[in-house]
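Taking it in order: structure first as structure tokens, then the write-up.
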Amino acid sequence: MAQLSGVPILILKEGTERKRGKDAQKNNISAAKAVAEAVRTTLGPKGMDKMLVDSLGDVTITNDGATILDTIDVEHPAAKMIVEVAKTQDDKVGDGTTTSVIISGELLNLAEELMEQSVHPTIIFRGYRKALLKSKDILQNLATKIDTNDTEILMKVAETSMNSKLIEVVKNHFANIAVKAVIQVKEERGNKMMIDLDQIQIIKKEGKSLFDTNILDGIIVDKEVVHPMMPKSVKNAKIALISSSLEVEKTEFDAEIRIQTPDQINKFLEEEAHMLKNRVDKLKEIGANVVFCQKGIDDKAQNFLAKEEILTVRRVKKSDMEKLARATNAKIINNIFEIGESDLGAAGKVEEKKIGDDNMILISECADPKAVSILIRAGIEHVVDEAERMLNDALSVVKAAIELPYILPGGGASEIELAKQLRAYARSIGGREQLAIEVYANALEIIPKTLVENAGYNPVDLIVELRSKHEIEEGKSYGINIDSGKPDDMTKLGVIEPLSVLTQAIQSATEVSSMILKIDDVIAASGLSKGPEE
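Last residue of the sequence shown: 796 in this note's numbering, with the numbers rising by one and none dropped.
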């Protein structure tokens with residue numbers, strides 16, 4: 263509403279809700295802090311789990327930050343921005359979602375205290391930006407370069423990401439699987455290592471133990487052999503991948519065939535069979551003994567394939583066809599008559615196997631597969647789902663460590679060292695921006711503080727001990743030993759994380775907190791008008 267010569271002028275529609283100035287800022291900060299508090303207790307090896315129940319009554323038990331925030335139904339716009347931080351972190355590096363959200367909440371919490379001391383949000387924003395840029399430089403100097411072929415280091419990175427998960431008892435087994443899978447699918451493009459995690463297929467089946475989870479040097483296709491007379495297992499497989507159907511094709515235009523005698527019907531059917539037989543003969547001629555078809559296969563064609571003892575699978579998903587091509591080095595062919603021996607893929611073994619309650623096709627013993635499968639086994643559905651989330655985190659951090667081969671000590675060590683160096687940097691800036699940078703440093707310490715609290719120790723004493731350790735050069739890698747409740751060398755304990763995870767976490771947290779701080783006016787549209795009552 264505005265005033266003109268004492269007459270009020272309505273600008274916004276009736277029913278529109280508007281909050282301005284400090285009210286708007288406090289409201290947004292409170293909502294963001296509430297989201298951060300919701301996941302804070304899940305951080306670290308001793309973090310608690312959340313039980314999430316959706317509208318259909320389905321239950322999810324997890325302490326994975328991305329899963330929690332993706333499942334809960336958040337309504338407040340500022341809170342939604344914090345949820346987006348978790349999604350961005352998950353998409354970029356696959357881990358550190360809880361860390362990024364907790365730092366976001368603490369940056370806003372401490373910024374609110376500065377604003378109450380009459381420090382303008384723009385000053386805080388500028389201070390945060392300077393602190394972020396300096397933090398990236400400090401972290402780069404703290405990081406240690408690794409050899410991407412050193413599987414022992416990569417195993418430690420994977421295990422660290424799984425320390426906080428519900429089923430950490432199998433972390434060594436899962437870390438080994440994750441490292442093998444990522445190394446198998448990595449490709450060198452120019453001077454860079456590129457890893458496409460979509461080429462790692464994850465299949466979940468209930469039954470057996472988590473320790474029965476294994477990696478297959480090939481692909482699993484969730485289909486059955488099309489004909490009972492076909493072989494169920496083929497060794498030294500020569501694999502043809504066909505994207506077209508093995509059926510008599512219909513004419514493009516409506517056509518009418520006039521048949522006047524029974525002989526003509528027989529000739530017509532014989533010709534159809536002959537056309538299908540020619541296609542099967544072509545496959546036999548080039549030596550194919552396994553066929554994967556993306557579309558349908560005629561019953562007659564199935565009979566011909568069975569007689570030639572060619573193991574055949576139909577209606578295979580396009581994504582599975584592409585993985586098969588990468589795993590077996592086969593080419594996907596549309597026209598069967600154009601296929602040659604060089605287009606066939608190779609695998610040591612192709613077999614139909616019963617896994618759980620379903621029959622599946624396992625393509626294994628591939629020479630150098632660029633796509634692999636991981637079969638997750640566990641007793642109940644909740645454990646299988648949590649195992650998948652745990653494995654995804656492990657795959658993501660190993661990928662991050664290979665693509666940017668630098669690591670940092672975990673357990674809150676990097677955050678404490680970063681906070682110490684930022685405080686020294688703040689003194690060189692001066693003015694009110696110095697206050698914002700010091701607040702930024704304090705906010706980073708929320709990570710070790712939360713780790714300590716979740717483990718049941720006194721955060722004040724331990725943080726003081728940690729700070730004193732970091733005053734000496736040899737103490738840079740000291741973090742929280744959750745088991746002993748004392749400061750310890752995280753590098754020696756093997757608690758390490760990729761540089762890109764923490765860098766992305768503080769960047770996402772800084773960006774969203776700065777954005778929320780700069781909002782001083784919230785205009786919410788009025789609700790949809792209700793129709794007339796019936």
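Cβ coordinates follow ideal geometry from the N, Cα and C atoms, glycine included.
Given the structure is predicted, the values throughout are model-derived calculations rather than measurements.
Rounded to whole angstroms, the separation of the alpha carbons of Val645 and Ile768 is 31 Å.
Under a 10 Å Cβ-count criterion, Ile572 is classified as buried, with 16 or more other Cβ atoms of the shown protein chains found around its own Cβ. Within its own chain, the residues whose Cβ lies closer than 8 Å to the Cβ of Asn596, once the five positions on either side in sequence are excluded, are Ile504, Ser505, Ser506, listed in chain order. The beta carbons of Val301 and Thr360 sit about 5 Å from each other, so the pair counts as a contact at 8 Å. Of the other Cβ atoms in all chains shown, fewer than 16 fall within 10 Å of the Cβ of Glu600; this residue is therefore exposed. For the 8 Å CB-CB criterion, Val763 and Asp357 form a contact. Pairing Ser397 with Asp409, the inter-Cα distance amounts to about 24 Å. Using a Cβ distance threshold of 8 Å, Ile734 and Ile464 do not count as a contacting pair. Contact between Glu707 and Ile678 is confirmed by a C-beta separation of about 7 Å, below the 8 Å threshold. Cβ-Cβ distances below 8 Å link Val381 to Arg694, Leu697, Ala698 in the same chain, with the five nearest sequence neighbours on each side left out; the list follows chain order. In this chain, the beta strand (DSSP E) harbouring Ala609 covers 607-617. It is roughly 12 Å from the alpha-carbon of Ser730 to the alpha-carbon of Gly741.
Taking each of Ser626, Val634, Lys780 in turn and checking the Cα distance to Leu459, the smallest one comes out for Val634.
Under DSSP, the beta-bridge partners assigned to Lys500 are Ala608. Comparing alpha-carbon positions, the option among Leu728, Val487, Met583 lying closest to Ala681 turns out to be Leu728. Using a Cβ-Cβ distance cut-off of 8 Å, the region 579-594 and the region 619-634 are in contact, since at least three pairs of beta carbons, one from each stretch, lie closer than that value. By the neighbour-count criterion, in which 16 or more other beta carbons inside 10 Å mark a residue as buried, Thr475 falls on the buried side. Between the alpha carbons of Asn654 and Lys711 lies a distance of about 27 Å.
Selection Tyr719, Glu665, Glu533 evaluated against Gly452 yields Glu665 as nearest (Cα-Cα). Spatial neighbours of Pro383 in its own chain (CB-CB distance under 8 Å, excluding positions within 5 residues in sequence) are listed in chain order as Gln287, Ala373, Met377, Leu779, Lys780, Asp782. Linking Asn371 to Leu472 through their CA atoms gives a straight-line distance of about 41 Å. Residue state for Glu450 is assigned as strand, using DSSP reduced to three classes.
Assignment of Val701 by DSSP, reduced to helix, strand and coil, places it in the helix class.
Membership of Glu759 in any alpha helix (DSSP H) is not indicated; the residue belongs instead to the beta strand (DSSP E) covering 758-760.
Taking Ala705 as the centre and dropping the five residues before and after it, the same chain places the C-beta of Ile365, Glu368, Leu369, Leu372 closer than 7 Å to its C-beta, in chain order.
For Lys557, the number of other beta carbons within 10 angstroms of its own is below 16, and it is reported as exposed. Ile334 and Leu314 do touch by the CB rule: their CB atoms are close to 7 Å apart, below 8 Å.
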